[in-house]
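Structure record follows, encoded as structure tokens.
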Amino acid sequence: MSTFYSRKGLKKGICAIALVSSVAMPLTPVLATPVQPAARLAPTDQNTKTAADYNLFNKNVITKTIDSSPAQSARVGKYIIHLAAASALGKEASTYTIINPETMQTVSTGQLQAGGGAHFAANSETGEILIAATDTNQLERYTVTEDGQLSPAQPVSGFNFDPAEETLAMGYNKFTHSWGVLTSKNYITVDSSGLLSSMPLPDPKTLDPALANAPDADTSEYYGTQYTHTANMLAPLPDGSFVYDSGTTISNEQGEVQRGYLLHFSKDAVKVFDDGTAIAERVSYGRVTTTDDGRVYRWSYLHNSSYQVLSYADGQFTVLNGKTSIHAKGLESIGELFTVGDKLGVLDSVNNRIVILDKDMNVERSISLTGVSAKNTNRGSLNAVALPNGDIVFPSTAEDPQEFTTVVQMNRLVSAQPEQQPAPEPEKQANPQITLSTDEIKSDEGASVTVSGTGFYGEQAQHGVYVYLVRKDAFPAHSADERDPAVAAAAFVKGADIQDGAFTAVLNVPGNTLDPAAEYVVATGATGAAQDEGTALKAGLLQASAPVKVTEPQKQADPKITLSATELKVDAESNEVLVNGTGFHGQGAAKGVSVGVYEADEQGQPTGSPVGNEALVHANDLHDGGFAASVTVPGSLLDASKKYVVAAKAENEGVKLVALSPVAVKPAQPVADPKLSIDKSELDPTQDSAVTVSGSGYVGAAAQNGVYVAVVEAEKWQEGNTPDTHSVAAMTRIAAEDVHDGQFRATLNIAAGTLDASKKYLIVSFASPELNKSDRSLDTTTEITLKVPESPKPSPTPEPSPTPTPEQPKPSPSPTPAPTPEPSPKAPEPSPSPTPSPEKPTPQPTPTPEQPKPSPKPTPAPTPEPSPKAPEPSPSPTPTPENPKPSPTPTPEKPKPDPTPTPEQPKPSPTPTPEKPKPDPTPTPEQPKPSPKPTPEKPKPQPPAPEPPKPAQRFKDVYPTDQFYTEIEWLASTGITTGWPDNTYRPQNNIERGAMAAFFYRMAGSPRVMMPYRSPFKDVDASYPFYKEIVWMYQQGITTGYPDGTFRPNDSVSREAMAAFFYRQARDYRFYAPRHTSFVDVNGDNLFYTEISWLADRGISRGWDDRTYRPGQAITRDAMAAFLYRYHRIYGKK
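Letter by letter, the sequence shown follows residues -32 to -1, 1 to 1102 of mature numbering (1 follows the signal peptide of the UniProt record, and there is no 0).
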């Protein structure tokens, strides 16, 4: 490693130098704790002259470093540090030895995690070293103390190495007091204050023009490799940059394409330099030594020990002396080439001597090394070091008699002539450092910052120093001019005001000039000229820096809270309230906030202790004065006659912060005592029947969600279980607003052929599906009886002949033929299916669909199947009850006052009436074929004619003939969808998870949402269009997101996920999944088996004709409309 010293101390030292003996390092592992200095060996030929003016001073310190391992030595203050790797490979700890060069004795030894290359860089003046630690993958700084111990210094933060990242070279630049680190992936610089910047290494094929025509070249080792048994270094240049020789040759299948190139590293750029000679003539030197005046010496211990001399100025390299063999200078080898003041020293290991040369590589003197063997020194290490007084510490080899191995030994060549006069005090080297009176500035107030500087020596300091405050991303600044937007404040210190390298300056920073979001540093720099010659700073000249933190203005406390619920219930087992707080700033909140529910006095102030639990919010959990906390209060602790308030309190050092929000207490609900009465208890199963049901005693919590009344098979009804879908003959829902003082009246419409005369039936009432599991307070029943038709038995007797059998249905009054076509095989089940309902608006007046009865999908929806049209034709059993429920839809609201006629057709109401008599004459089943045409013509002159245009105006891509036209129209009329601004619905697009959240939220009535302090999902923030809706779904437990914390709002919704969303929305947890589902592609292993089974059981989905459900398939927007429509008919607004 090159080190730089005062020239004054070397001019005399060149005349008289002596050789001091060696320091060897143990082969066995060295403990990390310092060891006692090794005993001196007996001096041998202490005054023997090995050359004119040179003596050996033989005192041995055993350091025992294996000769084949990379090792480096450097001066650190008044000591020498020697670092040796355990091996050239791997990341084992390296052994360091600190040596006192005066006695050549070991002062301390230990281990550093510096990797296989033994890489480190040293500031020789301060005794600091920097390593790239392989155990922490960070840069670490150490200092050699006054007593020769290695002590950890302030760490370098801001960069972590990849564990696979290799350290290739390191260096210290005394001109800018900065460090350079080269790895296999990055180039890093660290300034004297510890500020770090990093730059990824560019692709060699884009950096080096020589590789432009060799795309197949292997460039993996372009920047070097640690497996070269060398301790490469970054050599410093006067402008603060570094130069580096990787020693690598780049080849492809045709041969060599690049070698002998230099890499030039500055803070934010990498450049490549080659001398322009033919590749075959170049040498991969691998080693670089630089001098203070910008000379660059490249050398190699191979290739006949060749060298090359260049000069560097203004960012450019110039070749002064091309490739030359050291043999031309009378030397046999270059074991090491190092600086000795303004001279050069070469360790000629073959001839066992040190040779002193001038800058032009001319030999000035040769010193033979008697008594030591420098012949076989590891040529991959850098251990020769010149001391400030001109002494030279150099390596040699020795045999370890105990271990029978070759080890490295450190020797010292010292001056033989004592100085007659005290040497003049060496010129103090510039080592600029600054400290600040404060390192924190409030952005709104500004500050006066006193800057104290030390180490500002040298000729350049005589012209003065600029002190300035600048944004970190603009440091170092090109100018200290305050007109530069990046410079916030500046001051100039005259050279006369710098005493012994020290000064004091004041920076006045006005308020509201600094950006709290930016980082700033106070820095120094010099122009190299008098102040009146400009403010342009010369790069790296007298440069020092210290970070400054800019803080935002102190926010004033303004404590407030909002609640997720403002009403507590006495009869609730537990009342949970989510409390969001804001404005808890300043000293008063330094110990956190307590939140609880309290009894309130007449003025609404909290009294006594909290009712229920108290939530404690730690100060660390306050973010910008805000928090979210949850408190729970058992209903049994509440008294409806008292007042209550939620209080958030904070107190510290006499400062109190209090926020209050009152809550109401709802008394206990009355107890339900449900009773049903009906206007007729005997029904004819062959005729349409309308049963008026009256109820009383329907009060309490369960009644707040409405009441369900249904006709069910007696043997399948069990209190505590909602009737199975397939056992329900007719059902209606009485909304909560239609139950007055626990009483209601409703009509059950039972279609002819729905009831089986061989079975018994009950009219039952029960609570809404989501309460079935926990609240059965509305369960009650009343019996009905069925008339048993007697005509069917005698009817076959008069006509025994088999041939007239087809005609028998005509004369026979038996109702059997009529019901058979109407309750077509799947009529009741598909009622919720998408196929029937889509046709609702158009086919409603027209029985035409009845004609296509053979075609499965269109025909069931119209007249023949009242069930598909259920929502609109009141006679249909399942839908009719639901018509009043979807109160938002314009269509159902019209029927609500008049259940029997079709809601949307007040004018064509005559048409439904003919259809009611239609079942009376038994021959009607055969007449539908001729009758359809006349009937359609009646609706075609349509009073509903205005209706088709409405949808056409609503969505221009949804037509009355579309399969899900009715459902989409319903979705729009209720405000659940608004479509796109271009008046389209885009029915064939897949529904996205974000849009689906909006549909569910609006279908639930757009309830109020208590917004959290932070989003529950990391990929959905408050700017997302459906943020509130997604938060609501999360709070309701309808969605939990993905394990990685994302919601993925733009992903499509699969059919199985849709089933889960509906199931959680309905909270129909009383449902027990069957052992076998009706879908061939869904089995018990499916994650959503229960949810899919529930969806089918409730009639919301029935799958495809091939008995598949296709769980992974994405849902289109038109199908989503159908699912929402069917769900709403059963469960209403939830």
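Cβ atoms here follow ideal geometry from the backbone N, Cα and C, with glycine treated the same way.
Check your understanding: In three-state DSSP terms, what is F967?
Key -> helix
Point to revise | Assigned secondary structure, L404 (DSSP; H/G/I helix, E/B strand, else coil) | key: strand
**Study point:** DSSP state of A464 mapped onto helix, strand, coil
**Key:** helix
Point to revise | Counted within 10 angstroms of its Cβ, other Cβ atoms place Y1040 as buried (16 or more) or exposed | key: exposed
Exercise for review: Enumerate in chain order the residues of its own chain whose CB-to-CB distance from I529 is below 6 Å, with the five nearest sequence positions on each side excluded.
Suggested key: V547, G549, A616, A627, S629
Exercise for review: Below 7 Å CB to CB, which residues in the same chain sit around A966 once its five sequence neighbours on both sides are set aside?
Suggested key: F994, E997
Check your understanding: Near N220, what residues of its chain come up, given a Cβ to Cβ distance below 6 Å and the 5 sequence neighbours on each side ignored?
Key -> A182, D184, A185
Check your understanding: Where do the N-terminal and C-terminal ends of the alpha helix (DSSP H) with F143 fall, by residue?
Key -> Looking at the DSSP string, F143 is not in any alpha helix (DSSP H), and its letter there is neither H nor E.
Review point. Taking DSSP as the reference, what is the three-state secondary structure of P168?
Key: strand
**Study point:** Per-residue DSSP class, three states only, for V211
**Key:** strand
**Study point:** Nonlocal neighbours in the same chain, by C-beta distance under 8 Å from S1022, ignoring five residues either side
**Key:** P1079, G1080, Q1081, A1082, I1083
Point to revise | DSSP state of A583 mapped onto helix, strand, coil | key: strand
Check your understanding: Hey, quick one: how far does the beta strand (DSSP E) through K396 stretch, first residue to last?
Key -> Neither: K396 is in no beta strand (DSSP E) and is coded neither H nor E.
Review point. What separation, rounded to the nearest whole angstrom, lies between the Cα atoms of V696 and E681?
Key: 7 Å
**Study point:** Local conformation of V999 per DSSP, three classes
**Key:** helix
Practice item. Could you tell me if L605 is buried or exposed, where buried requires 16 or more neighbouring beta carbons within 10 angstroms of its beta carbon? Key: exposed
Practice item. Pick out the complete beta strand (DSSP E) segments inside the region 725 to 754, 3 residues or longer, and give them in chain order. Key: 729 to 735, 748 to 754
Review point. Relative to the alpha-carbon of V158, which residue among Y190, A100, A533, L175 has its alpha-carbon at the smallest distance?
Key: A100
Exercise for review: Name the two residues that bound the continuous alpha helix (DSSP H) containing F285.
Suggested key: Where F285 is concerned, there is no enclosing alpha helix (DSSP H), although the beta strand (DSSP E) it sits in stretches over 284 to 293.
**Study point:** Environment of K755 [buried if 16+ CB atoms lie within 10 Å]
**Key:** exposed
Check your understanding: Around the Cβ of A1089, are there at least 16 other Cβ atoms within 10 angstroms (buried) or fewer (exposed)?
Key -> buried
Exercise for review: Just tell me which of G663, A963, F1030, I944 has its CA closest to the CA of T748.
Suggested key: G663
**Study point:** Of the residues R1097, T259, R250, the one placed nearest T211, counting alpha carbons only
**Key:** The residue you asked about is not Thr; residue 211 is Val in the sequence shown. When only C-alpha atoms are compared, the closest one is T259.
Point to revise | Distance between A445 and Q222 (C-alpha atoms, nearest Å) | key: 47 Å
Check your understanding: If you draw a straight line from the alpha carbon of D236 to that of M167, how long is it in whole angstroms?
Key -> 7 Å
Check your understanding: Three or more C-beta pairs closer than 8 Å, one from the region 592 to 605 and one from the region 702 to 709: is that the case here?
Key -> no
Exercise for review: Round the Cβ separation of V545 and A558 to the nearest angstrom and send it over; I've been treating them as touching at under 8 Å.
Suggested key: Not confirmed; about 26 Å, so no contact.
Exercise for review: Could you tell me if S160 is buried or exposed, where buried requires 16 or more neighbouring beta carbons within 10 angstroms of its beta carbon?
Suggested key: buried
Check your understanding: When burial is assigned at 16 or more other CB atoms within 10 Å of the CB, is G1100 buried or exposed?
Key -> buried
Review point. Are the beta-carbon atoms belonging to R109 and L118 less than 8 Å from one another?
Key: no
**Study point:** Rounded separation between Y155 and L169 - CA only
**Key:** 6 Å
Check your understanding: In chain order, what residues of the same chain have a beta carbon less than 8 Å from the beta carbon of E960, not counting five sequence neighbours either side?
Key -> P1017, N1018, D1019, S1020, V1021
Practice item. Taking W938 as part of the beta strand (DSSP E), name the residues at either end of that continuous run. Key: Per DSSP, W938 belongs to no beta strand (DSSP E); it is in the alpha helix (DSSP H), 933 to 941.
Point to revise | Cβ separation of A39 and V376, assumed to be a contact under 8 Å, to the nearest whole Å | key: 6 Å
Review point. Hey, how far is the Cα of A497 from the Cα of Q276?
Key: 35 Å
Practice item. Could you tell me whether any non-hydrogen atom of the ligand SAH is closer than 7 Å to the CB of V353? Key: The ligand content of the structure shown is nil, which means the ligand SAH is not present either.
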